[in-house]
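What follows is one structure encoded as structure tokens, with my remarks underneath.
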């Protein structure tokens, strides 16, 4: 059923992660009695009911009945439903997120701080050849590693390279770029372009979405609900450690600690004084 559901989301042009999250939210609301068969068009949204899951995917794609209620994502649906159902939504900056982050702290920190909300390819600190030796539940050096990975991943995206082609290094990319363009850039110069790109994305989100420090935290569930079973039973996010990690990565970027906004000093240091001017016009610069 899971394989067919994945196939179906692809055939219908749905994002599999988002579809899974919003349908899971609906199943949990049904389980807790917040919605009934009256709202779900007669479907019994019970865990393990694969047929109801498949029908919900189709309803989402065609915005039919209850599918239309869910089609804008779990957070929007929760706002419409009320009944304190927002606390069951797993999201990053309003974007449905399927990634659990209570165990893999580095992965989670990258996901929450990704400029494309909730995207795991910016949070892959324990894969893609970066600090694979770190225990996945460790907070050690997470901000420092993410700062590097934000630059590295921006470069990778600019060059149009696939994250799943393992073994590539930034030195390989320098050679690739030079051979393709005839321009000679050092490793540090290429990573500097990545740093500028990440800051451009950050500025775009600040201006157009109004994101600030409060949007760089995970859902409350990740603090309050520990992992229930398995080798990492009891793991959850420590709020105080998360606060300190935010402080650290903001300092590395030269961003304002209190608001999470960028600063003129930080942007001018990396050659983005024009972006500082734009942010200042929007009154979103420190």
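Numbering (this note's numbering), first residue to last: 14 to 299.
Note that the Cβ used here is the ideal one computed from N, Cα and C, for glycine as well.
Computed from a predicted structure; not experimentally measured.
Identify whether residue 268 lies in helix, strand or coil by the three-state DSSP scheme. In the structure shown, residue 268 sits in a strand (DSSP, three-state: E or B).
Start and end residues, alpha helix (DSSP H) containing residue 280: Unbroken alpha helix (DSSP H) run through residue 280: 277 to 282.
Which of the three DSSP states, helix, strand or coil, is assigned to residue 168? In this structure, residue 168 counts as helix in the three-state DSSP scheme.
Would you please state the rounded distance, in angstroms, between the beta carbons of residue 212 and residue 159? I believe it to be under 8 Å. In fact, because the Cβ distance is near 14 Å, the residues do not count as touching under 8 Å.
With the cut-off set at 8 Å, would you say residue 93 and residue 80 are in Cβ contact? For the pair residue 93 and residue 80, the CB atoms are not nearer than the 8 Å cut-off.
Could you say which of 126, 26, 245 and 248 lies nearest to residue 274 if we only look at CA atoms? When each option's Cα is compared against that of residue 274, the closest is 126.
Between the CA atoms of residue 196 and residue 236 - distance to the nearest angstrom: The alpha-carbon atoms of residue 236 and residue 196 are separated by roughly 48 Å.
Cα-Cα separation between residue 135 and residue 70, rounded to whole angstroms: Spanning the alpha carbons of residue 135 and residue 70 requires a straight line of approximately 27 Å.
Determine the extent of the alpha helix (DSSP H) in which residue 44 is found, giving its start and end residues. Counted as a single uninterrupted DSSP element, the alpha helix (DSSP H) harbouring residue 44 occupies residues 29 to 44.
Between the C-alpha atoms of residue 293 and residue 225, what's the straight-line distance to the nearest angstrom? One C-alpha to the other measures close to 15 Å.
Run through DSSP, which three-state label would residue 129 get? Collapsing the DSSP output to three states places residue 129 in coil.
Within-8 Å CB hit, residue 262 to chain C: Although the question refers to chain C, the structure presented lacks it and comprises just one protein chain.
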